[in-house]
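With the numbering used here applied, the sequence shown has no gaps in its numbers, which climb one by one up to 324 at the end. All C-beta atoms in this analysis are idealised placements derived from N, C-alpha and C, irrespective of residue type, glycine included.
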Amino acid sequence: MNHKLCKLFCICAIALSMIGCGTSDKEIEVPDLIRGAAPVYTDELIQIGMIQTGKESDWRDANTNDYLDTFVPERGYELIYIDGNSSSERQVKAMYDLIQQRVDYIILQPIVETGWDDAITEAKNAGVPVIVADRQVAIDNALYKAWIGSNFHEEGIKAVEWLENYLEEQGRQDEDIKIILLEGTQGATATIGRTEGLLEGISKHANWKIVDQGCANFTQGEGQTYMEALLESGKVPEFDVIISENDNMIFGAMKALERHGISYGPDGDVIMMSFDALHEAFEKMIDGQLHVSVECNPLLAGTIEKVIQELEAGNEIEKKYYTEEGVYDYTIAADYIDTRKY
């Protein structure tokens, strides 16, 4: 691979100028990596173009910072970071721009799965390896090198299993349980996988019913706005559980419940469930506002760096890598909060 010589200034400035903001794969579990010594390189840096989704959540901020801390000149890299500003069209344009620049690798974190056929095919034809991370792309996986991220469907299943156990502990397993489901961005892998897992698990309980289901785009503001509108409409007069497909949306929903005088959390009337397991989620579990958060690990850069090192060495790699994740609830949050990295 012909790597470009080290430049005097970080190419990240390019990104700042852009800001307006089927086959049978072998799946393996990859633990939360602890980085060792930086790899040793010559005077050439590996140039990486990284296309992010945007700044929609605290999870995304942790994910972005992980890349910025990992792919630095001291570790042998030159990073071109591009903020997709929650625009798929902007992301596609960034892909073509990076291909034109002939970067050594492109890391793509797509907003939605579709619409990538032409751009990723162009990258492959130009000899620029693409590594997809976090969310997936709905194309022939031969066109990209690897995917690294979470098993979102399994996350949904884990959430249902927690609710089953909790209701049984509370002696409520035979009650009629009314559920509100706050979904993330439509077409995003996390939304698709978590929703499928949740619906699959919920359907096994004849006494559980989803009384409302809608999109709040993974943002705290939309989570609050959605719940405000739902409560004011009177369309759902009773509900027992809110399941939010990320922490930020449940934080917004909490504000809406407070404004309407509805109690929630382990000492309240509404069971509150979410995904991501951010540090703030642990704080809210300790404070008695949130029951559980299913972890979605944003620290993907270490695994991606190992994949790039293998490719640099000419070694074979796997096509799919899952990160290791857990489930944390209010009974154990205090035991783990000091260990959280995000």
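Discussion item. Using a Cβ-Cβ cutoff of less than 6 Å, which residues in the same chain neighbour Ile139 once the five nearest sequence positions on both sides are dropped?
Written reply: Gly179 and Gly183
Discussion item. To the nearest angstrom, how far is the alpha carbon of Gly296 from that of Gly250?
Written reply: 57 Å
Discussion item. Excluding the 5 residues flanking Ala283 on each side, which residues of the same chain have their C-beta closer than 8 Å to its C-beta?
Written reply: Here the set comprises Asp48, Tyr49, Asp51, Thr52 and Phe53.
Worksheet item: Just to confirm, are Ser39 and Phe257 a CB contact at a threshold of 8 Å?
Response: For Ser39 and Phe257, no; Cβs fall outside 8 Å.
Worksheet item: Given that a residue counts as buried once 16 or more other Cβ atoms are within 10 Å of its Cβ, and exposed if not, what is Lys217?
Response: exposed
Item to complete: Please report how far the alpha carbon of Gly270 lies from the alpha carbon of Gly247, in whole angstroms.
Response: Distance between Gly270 and Gly247, taken at the CA atoms: about 6 Å.
Worksheet entry | Straight-line gap, Tyr63 to Tyr304 (C-alpha atoms, nearest Å) | 23 Å
Practice prompt. Indicate whether Ile81 and Ala108 have their beta-carbon atoms separated by less than 8 Å.
Written response: yes
Worksheet item: How would you write the range of the beta strand (DSSP E) that Ser275 sits in, first residue to last?
Response: It spans Val274 to Glu277 - the beta strand (DSSP E) in which Ser275 sits, taken as one unbroken run.
Worksheet item: In three-state DSSP terms, what is Gly196?
Response: strand
Discussion item. Could you tell me which whole alpha helix (DSSP H) segments of length 4 or greater appear in the region 114 to 164?
Written reply: 134 to 151
Item to complete: Label Arg42 either buried or exposed according to how many other C-beta atoms from any shown protein chain fall within 10 Å of its C-beta, with 16 as the threshold for buried.
Response: Counting every other CB atom within 10 Å of its CB across the protein chains shown gives Arg42 a total of 16 or more, marking it as buried.
Worksheet item: Is the Cβ-Cβ distance between Tyr312 and Met267 less than 8 Å?
Response: yes
Discussion item. Quick check on Leu61: does DSSP put it in helix, strand or coil?
Written reply: strand
Worksheet item: Relative to the alpha-carbon of Leu272, which residue among Pro280, Ala315, Glu292 and Glu287 has its alpha-carbon at the smallest distance?
Response: Ala315
Worksheet item: In chain order, what residues of the same chain have a beta carbon less than 7 Å from the beta carbon of Asn230, not counting five sequence neighbours either side?
Response: Ser39, Asp40, Phe200, Thr201, Gln202 and Gly205.
Discussion item. By alpha-carbon positions, which one of Ala235, Lys302 and Thr177 ends up nearest to Val119?
Written reply: Lys302
Worksheet item: DSSP on Trp98, reduced to helix/strand/coil?
Response: coil
Worksheet entry | Nearest residue (CA-CA) to Thr171, options His135, Glu60, Ala198 and Leu145 | Check the Cα spacing between Thr171 and each of His135, Glu60, Ala198 and Leu145: the tightest is with His135.
Worksheet entry | From Asp122, Thr46 and Phe233, residue whose alpha carbon lies closest to that of Asp116 | Thr46
Worksheet item: What does Asp258 pair with, by DSSP beta-bridge criteria?
Response: For Asp258, which the question treats as bridged, DSSP gives the partners Glu277.
Worksheet item: On the three-state DSSP scale, how would you describe Gly36?
Response: coil
Worksheet entry | Residue environment, Gly66, which counts as buried when at least 16 other CB atoms sit within 10 Å | Buried.
Worksheet item: Going straight from the alpha carbon of Val22 to that of Gln155, what length do you get?
Response: Unreliable positioning characterises Val22 in this predicted model, as indicated by a pLDDT of 42, which lies under 50. A coordinate reading is not provided.
Practice prompt. Please go through the same chain and pick out, in chain order, the residues whose beta-carbon is closer than 6 Å to the beta-carbon of Glu210, but skip the five residues on each side of it.
Written response: Short of 6 Å from the beta carbon of Glu210, and not among the five residues preceding or following it, lie these beta carbons of its own chain, in chain order: Ala238.
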